[in-house]
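Scroll down for the structure; my scribbles are underneath it.
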Amino acid sequence: MGYFGSLNFAKLHPHYVDFLAAVDKPGLTVRLIGDLTNRDILERQSALIGREGMFEFRGYSTDIAAELKAINVLAYLLNPEHYGTTENALLEAMAVGIVPIVLDNPAERHIIEDNRTGLIVSTPSEFSKAVYWLAKNPLERNKIGKQAAKSVRSKFSVNRMVSSINDHYQQLLLMNKQYIAFADIFGTEPADWFLSCQGNQTYFSSTNVLKPDPESFSIHALFEESKGTIFHFLKYFPNDKRLNQWANMLKSWR
């Protein structure tokens, strides 16, 4: 069993270890393929439940195909408020016949057909049952893996993707050209541009940041160094007063 992608808790479920802890299977190991962000935290959490050595940290790899050969189940449990959209890691794993177990999040729900191209769960208990079922039913596991590969290779083939985007641009070319005042939409300063990308702008004011619930799944995304966060904007606009104020407030919460 393994996971393929970022270990940042804005993407990976913050309680990933709790889901794995529900699987009462001695010697269970999970191969983690990707950056080593949060390695110390994950190792500490696994030690607290008496599962030292549960994770095999493979780090960043340029030979994903070789890494994926070692797993047949993808424990792809993401933060319910994660920023993912196309989920390339999930699609690539499915394309080679790996059976994904995912949470009932919007992006995953639109990619996977439950019990046909993967398994969708909602709780640690359901995750545990899914793992046991796959272990006890290797023929069904292989069947789901083959169906996952066939589905992904058909829906997201290169030819189909090229044709789809070309059709989209052809439709755009038929539209009348018009002048767009981007400043009216995004604002005129870097802090305005940042705010225009926020689903809830009330979190940020001219002098303050509304502190979210520390147990909220969304709080992890605030501390990303990229992905359009305050720190990402500040990297490119270091002299913006409001961005600096907001960044300093966020740093004080760490």
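The sequence shown runs 0 to 253 under numbering that gives the first Met the number 0. Backbone N, C-alpha and C fix where the C-beta goes; we use that ideal spot for every residue, glycine too.
Please report the distance separating the alpha-carbon of residue i from that of residue j.
i: I179; j: G186; result: 13 Å
i: A20; j: G1; result: 15 Å
i: K128; j: D103; result: 15 Å
i: R50; j: L41; result: 11 Å
i: F193; j: G227; result: 8 Å
i: L255; j: E91; result: With the chain covering 0 to 253 only, the question about residue 255 has no answer from this structure.
i: P237; j: E86; result: 31 Å
i: T264; j: T28; result: For the chain, the structure presents residues 0 to 253; residue 264 sits outside this window and is missing.
Check each candidate in the options and name the one with the smallest Cα separation from residue i.
i: C196; options: Y168, F232, Q177 and K24; result: F232
i: Y15; options: A147, P137, E188 and P123; result: P123
i: S204; options: M248, D166 and F222; result: M248
i: Y202; options: D166, E55, K142 and W245; result: W245
On the DSSP letters alone, give me the boundaries of the alpha helix (DSSP H) that residue i sits inside.
i: V16; result: Y15 to A20
i: F230; result: I229 to Y235
i: I184; result: F181 to F185
i: I110; result: P105 to I110
i: R38; result: R38 to L47
i: P189; result: P189 to S195
Given residue i, which residues of its chain have a CB within under 8 Å of its CB, disregarding the five upstream and five downstream residues?
i: K10; result: G4, L77, N78, H81, Y82 and G83
Just to confirm my understanding: we take residue i, look at its own chain, exclude 5 residues before and 5 after, and list those with CB closer than 7 Å. What are they?
i: L221; result: T228 and L249
Could you give the residue range of the beta strand (DSSP E) that holds residue i?
i: F274; result: Lying outside 0 to 253, the shown extent of the chain, residue 274 is not represented and no answer is given.
For residue i, collect the residues of the same chain with a Cβ closer than 6 Å to its Cβ; drop the 5 residues on either side in sequence, then sort them by chain order.
i: D17; result: P123
For chain B, find out if any of its Cβ atoms is closer than 8 Å to the Cβ of residue i; answer yes or no.
i: G4; result: Reference to chain B is not applicable here, since this structure consists of a single protein chain.
3-residue-minimum beta strand (DSSP E) runs that sit fully inside the region 63-90, ordered along the chain: DSSP runs (the beta strand (DSSP E)) wholly in the region 63-90: 72-75.
Kindly provide the ranges of any beta strand (DSSP E) runs that are 3 or more residues long and lie completely inside the region 114-178, ordered along the chain. You should have 118-120.
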